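For the sequence shown, the positions run 198 to 282 when my numbering is used.
Glycine is no exception: its CB is placed at the ideal position from the N, C-alpha and C atoms.
Keep in mind it's a predicted model, so treat the numbers as computed, not measured.
Step one of this worksheet: look at the structure below.
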Amino acid sequence: MRVRPRPAAAPTARTAAEANYGPIMEGPAARHTVVGVDLTGTAHTPRAQEPLELDELVDQLIAAADAEQLDTFAVSGGAVGFPQG
């Protein structure tokens, strides 16, 4: 049996998953579980009190996947020009 990862949409900084992916989500959502994640400081989430750490953002993605009971998932996201790593 082949298991296909489920897509998880992660927006770029300061934008919402719905704003970035809403218009194109219908197609993938017909075949997959799609999870839109608004990371800390995006959309209506509270702004981070400390500088953002990549590990914290990854933890947020994993928590969203866990909440949807996804064992594997693919991530679609973007960067806005600041270093990540």
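{"Item": "Ala262, DSSP secondary structure in three states", "Value": "helix"}
{"Item": "Endpoints, alpha helix (DSSP H) assigned at Ala271", "Value": "Segment Phe270 to Ser273 is the beta strand (DSSP E) holding Ala271; no alpha helix (DSSP H) there."}
{"Item": "C-beta atoms of Ala260 and Phe270 nearer than 8 Å", "Value": "no"}
{"Item": "Chain B contact for Ala245 (CB, 8 Å cutoff)", "Value": "Reference to chain B is not applicable here, since this structure consists of a single protein chain."}
{"Item": "Secondary structure of Val255, DSSP reduced to three states", "Value": "helix"}
{"Item": "Selected residue, minimal CA-CA separation from Asp252, among Arg244, Leu236, Pro243 and Gln266", "Value": "Leu236"}
{"Item": "Helix, strand or coil at Ala213 according to DSSP, with G and I counted as helix", "Value": "coil"}
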